[in-house]
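**Q** Below you will find the structure I want to go over with you.
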Amino acid sequence: MNLKTSYLGLDLKNPLIASSSRLTGDMKSIMQCNDNGIGAVVLKSIFEEQIRLAAESNTRTGSANDYYYWYTEAQEKVVGLSVEENLDKYLKFVEDVKSQIDVPVISSINCTTAEEWPKFAAAIQQAGADALELNIALFPFDPKVASADIEELYVDILKSVKREVNIPVSIKLGYYFTNLCSVANKLVASGVDGLVLFNRYYRPDIDIDTQKVVSENHMSSPDEIHIPMRWIGLLKGNDIGCYMAASTGVHDYQGAVKQILAGADAVQLCSALYIHGIPFIKTMLEEMENWMQKNRFTTIDSFKGKALDNQTIDASFERIQFLKRDFE
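Residue numbers for the sequence shown follow this note's numbering, so the first one is 11 and each next one is one higher.
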């Protein structure tokens, strides 16, 4: 069986990718992923906002003897230096990972200021990353901001990054869009090389005993596979014109196979590696090979998008309500 595939123009030995998480921010875990056969690794995101908040907190808690305690300009300088220092550490990490593993390394960035997106991207390309994943997380909660303005911001960020780098650029999207197909087409027209569907955002819950907002389980569940699968199928059916990676809800080889049948070029794993351990990668690959042999497929391409065969768009993916429920 040949599990090789192409994603973002990169040659992968198989379609399984370690998603951005704490695991991919640790060299030992990355080496384990590599040793167990992962196809590519997305490094843990570098968050500009997190760096700035930590630096600003430090300046606020400084003593009166610190020069930045009194001067706003000095505070801004200290925060800027902190961002530079943390970026340098991340760049060194990218270089170290590239020197230690033999699969493509994709860097993930999340910025909050317009000028930092292209700056971070250019520096990461220089450090040797094979591709970039833009973790653009703009939650549409402000009633004063039009949906078109949010969509345009995604396009502006993409264009600013593409002007500075020549390595492939993907965007990890959420599904909070009025018309996701339209947004995807705009991004493709603006030069995006791939889309990762979908970002799994922080999910709040409420503790009824304390009456406080708490965090829900950070792990995805297999039930969450259906949302990315639907949109991958719809975009593939519409000949979207870029690579697609499925993210969220893939917990076993069946989930990976389903996403590829829907049209995904690659499948990102996160919760499955936390729950089952990193060696589960090897198990999934063996089970995928067994499934391919049983169904007489010799390559990934031979069944990629096969669920959409002979249909421009699969009506099953378009339907949003039951015509008749099984229990009626």
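Yeah, the Cβ is synthetic: ideal placement off N, Cα and C, and Gly gets one too.
None of these values were measured; they are calculated from a predicted model.
Indicate the three-state DSSP secondary structure (helix, strand or coil) for Gly204 in the structure shown.
**A** Reading the sequence shown from its first residue, position 194 is the one you call residue 204. In this structure, Gly204 counts as strand in the three-state DSSP scheme.
**Q** Leaving aside the five residues before and after Leu271 along the sequence, list all residues of the same chain whose C-beta is less than 8 Å from its C-beta, in chain order.
**A** Counting from one through the sequence shown, the residue named residue 271 turns up at place 261. Same-chain partners within the cutoff: Phe313, Lys314, Gly315, Lys316 and Ala317.
**Q** To the nearest angstrom, report how far apart Phe337 and Met239 are at their CA atoms.
**A** For the purposes of this step, residue 337 is identified with residue 327 of the sequence shown, where counting begins at 1. For the purposes of this step, residue 239 is identified with residue 229 of the sequence shown, where counting begins at 1. At Phe337 the pLDDT is 48, less than 50, meaning the model places this residue with poor confidence; the figure from the coordinates comes in the next sentence. Roughly 24 Å between the two C-alpha positions.
**Q** State the Cα-Cα distance for the pair Tyr81 and Glu95, rounded to the nearest angstrom.
**A** Against the sequence shown, residue 81 aligns to sequence position 71. Against the sequence shown, residue 95 aligns to sequence position 85. With a pLDDT of only 48 at Tyr81, under the threshold of 50, the placement of this residue in the model should not be trusted; the figure read from the coordinates follows. One C-alpha to the other measures close to 21 Å.
**Q** Kindly list the residues whose CB is nearer than 6 Å to the CB of Val155, restricted to its own chain and excluding five residues on each side of it in sequence; keep chain order.
**A** Taking the first residue of the sequence shown as position 1, residue 155 is located at position 145. None.
**Q** Quick one: any contact between the stretch 172-183 and the stretch 198-214, if contact means 3 or more CB pairs under 8 Å?
**A** yes
**Q** Taking 6 Å as the limit between beta carbons, can you name the residues of its chain near Val165, skipping five residues before and five after?
**A** Within the sequence shown, the letter at position 155 stands for residue 165. For Val165, where only same-chain residues beyond five positions count, the Cβ hits under 6 Å are Lys196 and Ser200.
**Q** Indicate whether Met287 and Ile242 have their beta-carbon atoms separated by less than 9 Å.
**A** If you number the sequence shown from 1, residue 287 lands on position 277. If you number the sequence shown from 1, residue 242 lands on position 232. Reading off the sequence shown, one finds Gly at residue 287, where the question assumed Met. No.
**Q** Whole angstroms is fine: what's the gap from Asn75's alpha carbon to Ala266's?
**A** Residue numbering aside, residue 75 sits at position 65 when the sequence shown is read from its first letter. Residue numbering aside, residue 266 sits at position 256 when the sequence shown is read from its first letter. At Asn75 the pLDDT is 46, less than 50, meaning the model places this residue with poor confidence and gives no usable figure here.
**Q** Once you ignore the five residues that flank Pro214 on each side, which residues in its own chain have a CB closer than 8 Å to its CB?
**A** Stepping through the sequence shown from its first residue, residue 214 is reached at position 204. The residues are Val223, Val224, Ser225 and Glu226.
**Q** In whole angstroms, give me the CA-to-CA distance for Phe208 and Ser30.
**A** Against the sequence shown, residue 208 aligns to sequence position 198. Against the sequence shown, residue 30 aligns to sequence position 20. Between Phe208 and Ser30, the C-alpha separation is close to 12 Å.
**Q** Whole angstroms is fine: what's the gap from Ile40's alpha carbon to Ser117's?
**A** Sequence index remark: in the sequence shown, residue 40 carries index 30 (1-based). Sequence index remark: in the sequence shown, residue 117 carries index 107 (1-based). Their Cα atoms are separated by approximately 13 Å.
**Q** Where does Asn12 fall in DSSP's three states?
**A** As a working mapping, residue 12 is identified with position 2 in the sequence shown. Of the three classes helix, strand and coil, the one that applies to Asn12 here is strand, per DSSP.
**Q** Who are the Cβ neighbours of Leu144 in its own chain at under 6 Å, not counting the five residues just before and after it?
**A** The residue labelled residue 144 in the question sits at position 134 within the sequence shown. Short of 6 Å from the beta carbon of Leu144, and not among the five residues preceding or following it, lie these beta carbons of its own chain, in chain order: Ile181.
**Q** Should Tyr100 be labelled buried (16 or more other beta-carbon atoms within 10 Å of its own) or exposed?
**A** Here residue 100 refers to the residue found at position 90 when the sequence shown is read from its first residue. When all chains shown are included, Tyr100 counts as buried.
**Q** Mind checking which residues open and close the beta strand (DSSP E) that includes Leu22?
**A** For the purposes of this step, residue 22 is taken as residue 12 along the sequence shown, with counting starting at 1. Looking at the DSSP string, the run of the beta strand (DSSP E) that includes Leu22 is Leu20 to Leu22.
**Q** Unbroken beta strand (DSSP E) runs of length 3 or more, entirely within the stretch 241-326: which are they?
**A** Taking only runs of at least 3 residues, the beta strand (DSSP E) segments lying wholly in the stretch 241-326 are 253-256 and 276-279.
**Q** Does Pro214 come out as helix, strand or coil in the three-state DSSP assignment?
**A** For the purposes of this step, residue 214 is taken as the residue at position 204 of the sequence shown. Look at Pro214 here: in three-state DSSP terms it is strand.
**Q** For Lys23, tell me which candidate among Pro114, Ser55, Asp319 and Leu33 has the shortest Cα-Cα distance.
**A** Position 13 of the sequence shown holds residue 23. Measuring from the Cα of Lys23, the nearest candidate turns out to be Pro114.
**Q** By the 10 Å Cβ neighbour count, where 16 or more other Cβ atoms means buried, how is Ala158 classified, buried or exposed?
**A** Sequence index remark: in the sequence shown, residue 158 carries index 148 (1-based). Ala158 is exposed by the Cβ-count criterion.
**Q** Determine whether the beta carbon atoms of Leu142 and Ile111 lie at a separation below 9 Å.
**A** Within the sequence shown, numbered from 1, the residue matching residue 142 stands at position 132. Within the sequence shown, numbered from 1, the residue matching residue 111 stands at position 101. Pairing Leu142 with Ile111 gives a Cβ-Cβ distance that is not under 9 Å.
**Q** Return the CA-CA distance between Pro153 and Tyr186, expressed in angstroms with no decimal places.
**A** Taking the first residue of the sequence shown as position 1, residue 153 is located at position 143. Taking the first residue of the sequence shown as position 1, residue 186 is located at position 176. Those two C-alpha atoms are separated by around 14 Å.
**Q** Between which two residues does the alpha helix (DSSP H) carrying Ile40 extend?
**A** As a working mapping, residue 40 is identified with position 30 in the sequence shown. Met37 to Asp45 is the extent of the alpha helix (DSSP H) around Ile40.
**Q** Classify Ile218 as buried or exposed, calling it buried when 16 or more other Cβ atoms lie within 10 Å of its own Cβ.
**A** Numbered from its first residue, the sequence shown carries residue 218 at position 208. It counts as exposed.
**Q** Which of helix, strand or coil does DSSP assign to Asn96?
**A** Along the sequence shown, read from residue 1 onward, the residue named residue 96 stands at position 86. Asn96: helix per DSSP, three-state reduction.
**Q** Quick check on the burial criterion: 16 or more other C-beta atoms within 10 angstroms. Buried or exposed for Asn305?
**A** Position 295 of the sequence shown, counted from the start, is the residue given in the question as residue 305. Counting Cβ neighbours within 10 Å, Asn305 comes out exposed, since fewer than 16 surround it.
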